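**Q** Quick one: the structure is below, and I'll ask about it shortly.
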Amino acid sequence: MKIRQNDKVMIISGKDKSKIGKVVRILKDKNKVLIEGLNKVKKHVKPNPYKQEQGGIKDIESPVEASNVKVVCDACANPTKIGYRYTEDHKKIRFCKKCDENF
Ligand SMILES: [Zn+2]
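Here the numbering used here runs 155 ahead of the position in the sequence shown, where the first position is 1.
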C-alpha cells in the first residue's frame with residue numbers, strides 16, 4: 156500500500172467524495188485506511204459503566220477502501236498518484252507524479 160499514516164488523502168467515491176482528511180490508521184490486511192473525521196457511520200453503543208460511557212448512537216469513523224482514496228500532495232495540493240524512486244544513497248522515497256516533488 157502506498158498510503159501511510161498521517162498522509163492527507165481525498166476520498167474519490169461514496170458519500171464523502173472529494174473530502175480530504177488525515178490518515179490515522181492503516182489496516183494493511185484489509186487494504187483499508189481510517190481517515191480522521193471522514194466516512195462516519197452511526198453506531199449503537201452500549202453503556203459501559205466501567206468506562207463511564209453512556210450508551211446511545213455515536214458517530215464513528217469507518218475505514219475506507221484504499222482504492223477509494225488518493226493521496227493529496229503537500230507541495231501542489233492536488234490528489235495525485237504516487238511514484239517511487241531512489242535517492243543517491245539508495246533510499247526509497249515517494250514522489251508526486253503531478254509536480255514531481257518528493258514527499
Ligand atoms: Zn504534487
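We put the CB at the ideal spot given by N, CA and C, even for glycine.
A quick note: this is a predicted structure, and the numbers were derived from the prediction, not measured.
Spell out a yes or no on whether the stretch 195-203 and the stretch 234-243 are touching, meaning 3 or more CB-CB pairs, one atom from each, closer than 8 Å.
**A** Contact fails: fewer than three Cβ-Cβ distances are below 8 Å.
**Q** Is there at least one non-hydrogen atom of ligand 1 closer than 8 Å to the beta-carbon of LEU221?
**A** In the sequence as presented, Leu is not what sits at residue 221; that position holds Ala. Flag unset: Cβ of ALA221 not near ligand 1.
**Q** Quick one: which unbroken beta strand (DSSP E) runs of 3-plus residues sit fully inside the stretch 229-256? Chain order, please.
**A** Counting only runs of 3 or more, we get 237-241, 247-251.
**Q** Check each residue's C-beta against every heavy atom of ligand 1 and list, in chain order, those closer than 7 Å.
**A** The set, ordered by position in the chain, is CYS228, ALA230, CYS231, ASN233, THR235, CYS251, LYS253, CYS254, GLU256.
**Q** Where VAL224 and ILE215 are concerned, what is the direct C-alpha to C-alpha distance, given to the nearest angstrom?
**A** Going by the C-alpha atoms only, they are around 18 Å apart.
**Q** Cα-Cα, which of HIS245, ASN257, VAL226, LYS247 is closest to ILE190?
**A** ILE190 has its Cα closest to that of VAL226, out of HIS245, ASN257, VAL226, LYS247.
**Q** Which value, in whole angstroms, describes the spacing of the CA atoms of HIS199 and ASP171?
**A** Straight-line Cα distance between these residues: approximately 21 Å.
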